[in-house]
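Right, one structure below, let's go through it.
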Amino acid sequence: QKEVEQNSGPLSVPEGAIASLNCTYSDRGSQSFFWYRQYSGKSPELIMFIYSNGDKEDGRFTAQLNKASQYVSLLIRDSQPSDSATYLCAVGNQFYFGTGTSLTVIP
Amino acid sequence: SAVISQKPSRDICQRGTSLTIQCQVDSQVTMMFWYRQQPGQSLTLIATANQGSEATYESGFVIDKFPISRPNLTFSTLTVSNMSPEDSSIYLCSGVAGASGVYEQYFGPGTRLTVT
Numbered sequence: 283q284k285e286v287e288q289n290s291g292p293l294s295v296p297e298g299a300i301a302s303l304n305c306t307y308s309d310r311g312s313q314s315f316f317w318y319r320q321y322s323g324k325s326p327e328l329i330m331f332i333y334s335n336g337d338k339e340d341g342r343f344t345a346q347l348n349k350a351s352q353y354v355s356l357l358i359r360d361s362q363p364s365d366s367a368t369y370l371c372a373v374g375n376q377f378y379f380g381t382g383t384s385l386t387v388i389p
Numbered sequence: 049s050a051v052i053s054q055k056p057s058r059d060i061c062q063r064g065t066s067l068t069i070q071c072q073v074d075s076q077v078t079m080m081f082w083y084r085q086q087p088g089q090s091l092t093l094i095a096t097a098n099q100g101s102e103a104t105y106e107s108g109f110v111i112d113k114f115p116i117s118r119p120n121l122t123f124s125t126l127t128v129s130n131m132s133p134e135d136s137s138i139y140l141c142s143g144v145a146g147a148s149g150v151y152e153q154y155f156g157p158g159t160r161l162t163v164t
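Same order as they appear, the protein sequences are chains A and B. Position 48 of the first sequence, counted from 1, bears residue number 330 in the working numbering, the numbering being contiguous throughout. Position 39 of the second sequence, counted from 1, bears residue number 87 in the working numbering, the numbering being contiguous throughout.
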């Protein structure tokens with residue numbers, strides 16, 4: 283398995299704050315990057331994908347990719363308690379998953 | 049998007065037996081994958097299910113233990129053979145659809161396996 287690393291957390295932020303999640307990967311040739319959200323007892327669901335360096339925004343979510351530094355991040359603005367979940371980073375055409383970061387948004 | 053179903057949703061099995069998990073996608077997908085997820089852990093890729101040919105296994109997983117079939121573009125099975133308690137886990141099927149370099153992966157609801 284290609285190495286994909288995330289801070290396991292748990293990460294706690296107050297409601298309305300910005301949550302920042304980070305992911306680093308070892309395969310410099312990776313071209314595709316994905317962020318998933320997984321609620322306890324449920325399957326992962328895709329939040330965003332990003333292929334190009336820079337930022338990609340979708341509503342309250344922004345994915346940031348830096349291929350030179352081999353990291354991809356996810357920012358969640360105006361965090362809500364419903365955002366409390368485990369966030370998984372996946373890399374490459376085989377979708378290798380990171381270890382996941384548990385996020386808790388405190389009302 | 050694609051909707052993926054898995055059967056069974058859960059099972060309790062005796063050690064030494066085998067279980068086959070079925071995965072059905074409601075539309076054609078480019079790739080299908082099988083993952084394992086231990087409680088509180090992330091997803092570990094078992095193999096890529098290839099249509100009409102042998103699956104491509106990741107390091108640590110072998111065909112004798114996890115035989116996989118994919119007879120067409122919408123269906124795949126994973127068998128967990130000669131089970132031991134260490135095989136207790138959630139097994140997830142996924143399908144990837146897309147074109148022009150833009151791909152999205154969809155997951156089935158998972159099969160929760162307990163081996164006693």
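Ideal Cβ positions, reconstructed from N, Cα and C, are used throughout, including at glycine.
Original post:
Relative to the C-alpha of P56 (chain B), which residue among B:P87, B:V128 and B:Q153 is closest?
Top reply: Residue numbering aside, residue 56 (chain B) sits at position 8 when the second sequence is read from its first letter. Measuring C-alpha to C-alpha distances from P56 (chain B) to each of B:P87, B:V128 and B:Q153 identifies B:V128 as the nearest.
**OP:** Could you check how far apart the C-beta atoms of D59 (chain B) and L161 (chain B) are, in whole angstroms? I think they sit under 8 Å.
**Re:** Residue 59 (chain B) sits at position 11 when you count from the first residue of the second sequence. Residue 161 (chain B) sits at position 113 when you count from the first residue of the second sequence. Going by Cβ atoms, the distance from D59 (chain B) to L161 (chain B) rounds to 6 Å, so yes, they are a contact pair.
**OP:** Express the C-alpha separation of C305 (chain A) and G374 (chain A) in angstroms, rounding to a whole number.
**Re:** Numbered from 1 along the first sequence, position 92 holds the residue referred to as residue 374 (chain A). Numbered from 1 along the first sequence, position 23 holds the residue referred to as residue 305 (chain A). Note on geometry: alpha-carbon atoms of G374 (chain A) and C305 (chain A) lie some 13 Å from one another.
Subject >> L91 (chain B) versus A:L347, A:P292 and A:F377, residue with shortest Cα-Cα distance >> reply: Reading the second sequence from its first residue, position 43 is the one you call residue 91 (chain B). Nearest C-alpha to L91 (chain B): A:F377.
Original post:
For Y321 (chain A), which option in A:S364, A:A299 and A:D337 has the closest C-alpha, if you only look at C-alpha atoms?
Top reply: Along the first sequence, one-based indexing puts residue 321 (chain A) at 39. For Y321 (chain A), the closest C-alpha among the options A:S364, A:A299 and A:D337 is that of A:S364.
Original post:
Cβ atoms of T125 (chain B) and C71 (chain B): under 8 Å apart, would you say?
Top reply: Numbered from its first residue, the second sequence carries residue 71 (chain B) at position 23. Numbered from its first residue, the second sequence carries residue 125 (chain B) at position 77. It is a contact, given that the beta carbons lie within the stated cut-off.
Subject >> One or two residues paired with P133 (chain B) in a DSSP bridge >> reply: One-based indexing of the second sequence puts residue 133 (chain B) at position 85. Beta-bridge partners assigned by DSSP to P133 (chain B): none are found.
Original post:
Could you give the residue range of the beta strand (DSSP E) that holds Y83 (chain B)?
Top reply: In the second sequence, residue 83 (chain B) corresponds to position 35, counting from 1. Per DSSP, the continuous beta strand (DSSP E) segment holding Y83 (chain B) begins and ends at M79 to Q85.
**OP:** Would you mind working out which of B:P115, B:P119, B:A95 and B:S75 sits nearest Y154 (chain B), comparing C-alpha positions?
**Re:** On the second sequence, residue 154 (chain B) is found 106 positions in, with the first residue counted as 1. Nearest in C-alpha terms to Y154 (chain B), of all of B:P115, B:P119, B:A95 and B:S75, is B:S75.
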